[in-house]
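Protein chains in written order, with the numbering used here: chain A, 1 to 380; chain B, 1001 to 1415; chain C, 2001 to 2153; chain D, 3001 to 3176.
The beta-carbon is built from N, C-alpha and C at its ideal position, and this holds for glycine as well.
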Amino acid sequence: MQKVGIVGYYQVKLYSDANYGRYEMIFEAVRGALDKAGLKKKDITTVISCTNDYYDGRTISNAFAVESGGAYLADESKVEMDGAHALLYGMMRILSGNHKLAVIWAGSMASCFPYHSTRLFETDPTWERPTAYVNDISALGFQMRAYMEKYGVNAEEIAEIAVKNRKNASKNPLALKEAQNPNLTVEDVLNSEIYADPVRELMVAQPCDGIAALLLAPEKQALKITDKPVWITGVGYNQEAYYLGDRNLAESKSMELASKMAYKTAEIKDPLKEIDVAEIFESAAHEELILKEALGLTDKGKGPSLNSEINGEFPINPSGGAIGGNPPCGTGLIRIIEATKQIRGEANGYQVKDVNKAIASGQIGMCAQNNIIYILEGGN
Amino acid sequence: MGRQVCIASAGFSEHASKRSDVSMPELVSEAIEDCLKKVPSMSINDIDAFVNGNMPAFEGVNIPELWMTDWMGARNKPLMRITTGGTTGGSVAIGGYYTVAAELPGIDTILAIGFEQQSQGDTSTGLASVAYGEISVLNSLGITYDQLTQLLSAGAAIGVASYQATNYMRRSKITEEDLARVVVQNRHNAAKTWWAHLKMPDLTIADVLETPYISYPLRYGMVCPASDGACAMLFTTEQKAKDLCDIPVYVNGVGSVANETGVLGYNGSGAGQLDTSEQLGAMKSAELAFGQAGISFPRKEIDYAEVYSPFPNQELMWIERLGLFEENTASEMYETGVTALNGELPINCSGGVNSTNAIGASAMERPAVAALQIMGKASNQVPKTVHTAIGHGWGGVINLITMMVMSDKPTRKIN
Amino acid sequence: MTEKIVVANKGLIKADFAFWVGRYMDKLFDAFENKKIVGNKCPKCGDVFVPPRKICGKCNVTIPFDQNWVNLPNTGILKNYTITYYKINDRTSRKVKKPQIIGMVQIDGSNTSIIYRLLDMEPEEVKVGMKLKIIWEEKPKGDPSDIKGFVKF
Amino acid sequence: MSKRTLRKSMEYIKKDYVRTRTMPGSWYLSSYKYKFNITHFKPFLDKLKERKLVGLQCSSCNRVFFPPRIICGKCMVKPDRWVDLRETGRVATFTITYLKDPETGEVVERPIVLVQQDGSDTTFTAELNPDIDYRDTYIGMPIKVHWVESPTGGLMDILFYDLVEDDSKDLELRKD
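Below, the structure is given as C-alpha cells:
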C-alpha cells in the first residue's frame, strides 16, 4: 500500500448541549482544517462525510450539508458508519490516483436525538426490537460480564481504566466537560449508578455534540502542504457476527482480524515494542481492555496488567478516549486526530514522549461489531 | 497510483411492490445468489470485502448491514456502508470501484450491494423527512406549525421533481405526450426484463395521458412505483476478472459531483439552483468521468446508457446533460426510435427507474445493467454489440449525482 | 457583535414500519403460537439456530427451507446476564425503579443464545450455567413477546 | 376520471408472493430536535417589519442570498454584506398540487411557485395571489410582494405575490 498523508485536522470542542447550529458546526470544523493547513476551498477535490440519518433526524443527511461541508462541485459521498470508516473511503479515493485532496468530516449532535432509542434501530426488527431486551445498554453489560467471567478480571481493574481516561480527559481542553475529572477514584466509579450491571455510569462513554474534520493527500502533495505530515501506513477493518448469542463477547474477533490486516500492511511484527501510543474507541472502560488484547498488545485476559497511563509502559487514550466525549459518528475520527497530534507533538498537556508510530481505532455496532484500525507514522 | 477495476458480474432479486415472503436480509441474499450464479468459478467465500448501502429511513433499520452480516456472507470480512439517498446504489458501486482501485493488501474482490424493501415503511413520510429538518427552522422565522404541515404535504407528494419537470418542459418546449412516450418505451422494456416491477407490454400513450395529475405536470401513470428489491455487483481486479468471465467490463471513469440544493435551501435560506433543469452537478460529473475514461465525443463513443429517471422528464433531461444528445433534442430521439432497443443509442432497456424503483438499489441497477449489456448477459439484451456504456444516478435534493463509465477495454490511465 | 441565536425546533412527523419477517422466522412464530420452539440446522457444521435463518454465517451455506427443522425443548442454560434500570422503546429510554434481569439463554439442543428477561429471581440468585425454563404468555400472538421470560427449572 | 378506469389502464403483470407476518415499528421525529443558528436572520426579519427586503451578499463571489444564508458554499465563507432588494421578482419554476380540501373533500388545484426576488441569486417557495387562475402561471411571470396588513417581523409578512400588471406596449412578456 502506498502512503497517504494527513495534512490537516480540526475538532470542535465537545459539549453535552452545544450552543451551535448544525451547519455552523460543520463549517467550523471544515474551514478550521483548511485554514490550519493553509488551503482554500478550490483545492478540495473530494469530500467524504460521516453522519447518520437516524442520528440527524433527516433522510439523506448529507444532502443539505453540501455547502457547509465544502462539497460544492466536489466529488462527494457519505459513509454511514463511524468517522474512521469515512477516513477509509477518503483514503481509498486518494490511493486510486483520482484525487489530490480529500476532506473527511464526521460527527453529530447527541443533544438533538434520543440516543438509546435510536441505537435500538440497529437491532433485528423481526426478533429483538419488539421486546427491546437487546440494546446498547444491556449489550455493554453482557460484554463486561463475559470478559470478567472468562478471565477472572475484577471490577476494580476495569474501573481504573475509567479513572485513567477521565483524568486524561481533564488535560484535554477539547474533551467533554462532564467527562473531565482529575480527582476521580476507583471507589467513585464503582459507587456511581448502575448502567447495566456490572457496568457503572462512569465507565461509559457519554454521547455528546461534536464534529471533526481531517484532510488527506497523496504522498507527493502532502509534502508540499506541510512540513509535518502524518502518514497512514496501514489499515484494517472487519465485521463479526451480529447476534450477541452467536459471538464470544469476551474477546473481539473483528478487531483481531482488522489488526492482523493492518500490521501486515505496515509490516509490524511486535506492536507493543514498535508502536508508541494508541487511541482506541472504547464505548465503555472494559472495551478498552478487550480491544487492547485483540490488538495483540497483551495476552488475552492480561489487559489490566499493562500500564497505559500517559507516562506508562504503553499509553492508551492519553486524550481521554471516547470516555472523554463521544459524539456519535465523530468519535473514531477524533481518535485519529488525537493520534496525529501525538505524532506531530501538538498534544499540549497530554503529550506522550517521543511518539513516532501510533495506532487509532474506530468502531460501530453493538459490542464493537465492526472495528477499523489505522497505523500512523511520522517523519518525512 | 491505483489499478484497473473490472466488473465481473451483477445480479438482481425479483422486484415487486411487496416482497412479503422475505425479510430484508433474505431479499439481499437473493441478489447475491443471482450475481454469483453468473460466475460459477467463484463462491461467496472468495469475496474479500463488502460495500453496502440503502436508504435507512425508508424501512426503519439503522445500519442494517450489522444485522444482515450472515445473510451476505460477510461474517469476519471487511465491510463498509455508504449511503447518499437516491444515489446510494451508485455511490455504493463507486465505493466498490474505489475499494478495488485502492490496492489495499488482501482486498481484490468486492461485492457491492444496494437494497430497499420499501413496502416495510411509508415512502411519503420518508420523503418528507428529507426536507423536514430544513423546513422546521421556518417555524422560528414566523411560519406556524399548521402552515408547515401544509408545506410538507404539498412537498411530500412527489418532492421536487415536478418543479424540475416544469423547468425542463419550458426549456425544451415539449408536451405531455412526449413525456408519455418515454414512459411507454420504459414499461415495454420492463416487460422483457425478468426482475422488473411494472411490466406493461400493452401500454399506450393514451393510457398514460388518461391518468390524473399527481402534481402538475406529472400524472400518476408517469411516475415510478415503490418497489422491494436488491442488486449486487462483483468488482475485481483485471487479472481475476479475466479468469472469471469472457468479457470483463472495465470501469474507466467515475464521478459523483454534488451541487447546491435545489427548491429548498439549507438552514431556512434560499435555494441556489435558479433553473432546476440546468443540472450543473450532472454536467460536472460527466466531465469528470469522461475525462478519466478518455472519452471526448460521448455521442460517438457511447453505445448504451442507463440513466436514473423516476420521472420521464428527467430521462430526457439527463441524456442531454450527460452529453449524449444536443440540448432540447432528446424527445425527438424517442419519437424517431434512436433510443429504442434496436436503435442507434438505446436508453434504459431494463425499463429504468421509471418501471422499477427500490431506491437504495436503483442507482446501482443502472451500472449493473449497463455492464451486463456489455457482457451480453442482460435480460433485455440489445441486438447490437455494446462496447462502452454509462450508468447514472440521481438523488438528494436534486443535487447529488453518480456516474460510471464502463467499457470492454481499459482506457483509464494509471499514473 | 450581536448575540448568537440558536434555536432548537422539535420534530413533528412519525414514520410507521411493518417489517416482513420472511418465511424462516414465520415458521418460528407459527410454533410460538403453539408455545413451542423450532430451530434449523446447518447441513454442513450441524449447528442448530434459534431463531432459524436462511444462511449459516459460519459455513456460508444456505439451509433449505423445506428441511433441517429441529423441534426444541422449553428449557435452556443461562450463558450470561445483566441487570439494567433502563426501559427502552422506539420513542424513549427511561429509568425504572425496579431493575430488570436480562439473560442470554442457550436453548437445550441449540448452538446459539437468545436474550430474554429472567423472572421471579433476585439478582443474588442468578448464576451463569443455571438451568432455566420458558414461561409463555397465556395467549400467544405469534411474535417475540410470546416468551414472557425464563424461570428457574 | 373514475378510479376504476385508472386501474384498468395501468394494469401490469404481477406475481403473488407468500405473505408472512410483520413486526411493527415507528420512528418518532417528535423526540428529535433540530438546531439552527439564526443569528444572521435578525437584520432580515427586522427589515421585514418595516416592509423592506434585504438580501445577504457574499463578498467573495457577490451572490445575493434571499432569505439570507449562513455560509456561501461556493467560497466557504460567511456572507456579511447586506443589500436592499426591490419588491418585484419572477416565477423561477412552479408546480400545481392536487390536494383534497380537508373540509369539503374536493380536489383543489393550488399553484406553488419558486420565486426569484429581483437582485437575488436564490429562489424560495411562495404562494401566488389566490385570485390568479392557476392555469395562468408560467415561468418568468413578473410578480410583486403583497404585504400583510401589519408586519410582525416574520417570513409570513409576505402574504403572497401579486401579478405585476404591465401596460407598456414595448415590453412583450414571454409566455409559453
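request  = Let me know if S3026(D) comes out buried or exposed under the rule of 16 or more other beta-carbons within 10 Å of its beta-carbon.
outcome  = Label assigned to S3026(D): exposed.
task = Could you list which residues in chain C have their beta carbon closer than 7 Å to that of G1121(B), in chain order?
result = What G1121(B) touches in chain C, judged by beta-carbon distance under 7 Å, is A2015 and F2017, going in chain order.
inquiry  = At the level of alpha carbons, what is the spacing between G1393(B) and M2104(C)?
reply    = Spanning the two alpha carbons is a distance of roughly 44 Å.
task = State whether the region 1167 to 1183 of chain B contacts the region 3095 to 3109 of chain D, with contact taken as three or more CB pairs (one from each stretch) at a distance under 8 Å.
result = The answer is no - the region 3095 to 3109 of chain D does not touch the region 1167 to 1183 of chain B, with fewer than three Cβ pairs under 8 Å.
message = Using only CA atoms, which one of G320(A), E256(A), I310(A) and A169(A) lies nearest to N371(A)?
response = Of G320(A), E256(A), I310(A) and A169(A), the residue nearest in Cα terms is E256(A).
query = If the cut is a Cβ gap below 7 Å, which residues of chain D does F2029(C) touch?
reply = Near F2029(C) (Cβ distances below 7 Å), the residues of chain D are R3021.
key: Where D3162(D) sits in the DSSP three-state scheme   = Here D3162(D) sits in strand by DSSP.
inquiry  = Quick check: does the Cβ of I1302(B) come within less than 7 Å of any heavy atom belonging to the ligand PLP?
reply    = You won't find the ligand PLP in this model; it holds no ligand whatsoever.
query = In three-state DSSP terms, what is Y374(A)?
reply = In the displayed model, Y374(A) falls within a strand according to three-state DSSP.
query = What number of angstroms, rounded off, separates the C-alpha of A278(A) from the C-alpha of A360(A)?
reply = In this structure, the alpha-carbon of A278(A) lies about 6 Å from that of A360(A).
request  = Please list the partners that R2094(C) has in chain D, where partner means a Cβ-to-Cβ separation under 9 Å.
outcome  = Against chain D, a Cβ distance below 9 Å from R2094(C) picks out nothing, because the smallest value is about 12 Å.
ask   = CA-CA distance, L3006(D) and L1198(B)?
value = Any reading at L3006(D) must be qualified, since the residue scores a pLDDT of 49, below 50, and its modelled position is unreliable; the value itself is stated next. Inter-residue distance for L3006(D) and L1198(B) is about 15 Å (C-alpha atoms, whole angstroms).
inquiry  = My assumption, with CB atoms under 8 Å, is that M1233(B) sits in contact with C1035(B). Please give the rounded CB distance.
reply    = Cβ-Cβ separation between M1233(B) and C1035(B): approximately 7 Å, consistent with a contact (criterion under 8 Å).
inquiry  = Using the Cβ count rule (16 or more neighbours within 10 Å means buried), how would you classify L3114(D)?
reply    = The residue in question, L3114(D), is buried, as its Cβ has 16 or more Cβ neighbours within 10 Å.
task = Measuring only between beta-carbons, confirm whether K3014(D) sits less than 8 Å from chain C.
result = Not an interface residue.
task = Helix, strand or coil for R3007(D), going by three-state DSSP, please let me know.
result = Here the model assigns R3007(D) a pLDDT of 48, short of 50, so the residue's position is not dependable and the matter cannot be decided.
query = With 16 as the cutoff for other CB atoms within 10 Å, does R3004(D) come out buried or exposed?
reply = With a pLDDT of 42 at R3004(D), under the threshold of 50, the modelled position of this residue cannot be trusted, and the question is left open.
request  = For N2068(C), go through chain A and note every residue whose CB falls closer than 8 Å to its CB, in chain order.
outcome  = None at all; the shortest Cβ gap to chain A is about 18 Å.
inquiry  = For a test of the three-state rule: what should DSSP assign to R58(A), helix, strand or coil?
reply    = Coil, per DSSP.
message = Using only the alpha-carbon positions, how far apart do D3176(D) and R1170(B) sit?
response = A caution first: D3176(D) carries a pLDDT of 49, below 50, which makes its placement in the model unreliable, though a value can still be read off. Distance between the alpha carbons of D3176(D) and R1170(B): 7 Å.
message = According to DSSP, simplified to helix, strand and coil, what is V1182(B)?
response = Helix, per DSSP.
ask   = Which of the three DSSP states, helix, strand or coil, is assigned to C3177(D)?
value = Summary: the structure shown does not reach residue 3177(D), with chain D confined to residues 3001 through 3176, and so no result is reported for it.
query = Quick one: any contact between the region 1057 to 1077 of chain B and the region 1332 to 1350 of chain B, if contact means 3 or more CB pairs under 8 Å?
reply = Note that the region 1057 to 1077 of chain B does not touch the region 1332 to 1350 of chain B; fewer than 3 beta-carbon pairs, one per stretch, sit closer than 8 Å.
Selection from P1346(B), E1030(B) and E1301(B) that minimises the alpha carbon distance to V1182(B) = The option with the nearest alpha carbon to V1182(B) is P1346(B).
query = With a CB to CB cut of under 7 Å and the five nearest residues on each side skipped, what residues in its chain are close to S252(A)?
reply = These residues qualify, in order along the chain: I290, L291, A294, A368 and N371.
task = Name, please, each residue of chain C whose Cβ falls closer than 8 Å to the Cβ of D1070(B).
result = Within 8 Å Cβ-Cβ: R2053, I2055, C2056 and G2057.
inquiry  = Alpha carbons only, please: which of T331(A), N311(A), K228(A) and Y350(A) is nearest the one belonging to C50(A)?
reply    = For the options T331(A), N311(A), K228(A) and Y350(A), the alpha carbon positioned closest to that of C50(A) is the one of T331(A).
Three-state class that DSSP yields for C2056(C) in the structure shown = Reduced to three states, the DSSP call for C2056(C) is strand.
ask   = Residues of chain D with a CB under 8 Å from the CB of Y1423(B): which are they?
value = Outside the modelled stretch of chain B, which goes from 1001 to 1415, sits residue 1423(B), for which no answer is possible.
inquiry  = Please classify P1217(B) as buried or exposed, where buried requires at least 16 other C-beta atoms within 10 Å of its C-beta.
reply    = By the C-beta density criterion, P1217(B) is buried, having at least 16 other C-beta atoms within 10 angstroms.
task = Below 8 Å on the Cβ atoms is my guess for S1350(B) versus E1306(B); work out the distance and round it to an integer in Å.
result = Confirmed, Cβ separation roughly 7 Å.
query = To the nearest angstrom, how far is it from the Cα of S3002(D) to the Cα of Q1147(B)?
reply = Low confidence applies here, because S3002(D) scores a pLDDT of 41, under 50, leaving its location unreliable; read the following figure in that light. S3002(D) and Q1147(B) have their C-alpha atoms some 31 Å from each other.
I1414(B) versus Q1004(B): straight-line alpha-carbon distance, rounded = Distance between the alpha carbons of I1414(B) and Q1004(B) is about 8 Å.
message = Taking CB distances under 8 Å as the criterion, tell me whether F3160(D) reaches chain B.
response = No, its Cβ sits nowhere closer than 8 Å to a Cβ of chain B.
request  = Drop a sphere of 10 angstroms on the beta-carbon of Y1098(B), count the other beta-carbons inside from all chains shown, and report buried for 16 or more, exposed for fewer.
outcome  = Burial of Y1098(B) is indicated by the presence of at least 16 other C-beta atoms within 10 angstroms of its C-beta.
query = Using 8 Å as the Cβ pair cut-off and three pairs as the minimum, do the region 113 to 126 of chain A and the region 1101 to 1109 of chain B touch?
reply = For the pair of segments examined, the region 113 to 126 of chain A was found not to touch the region 1101 to 1109 of chain B: the number of CB pairs separated by less than 8 Å stays below three.
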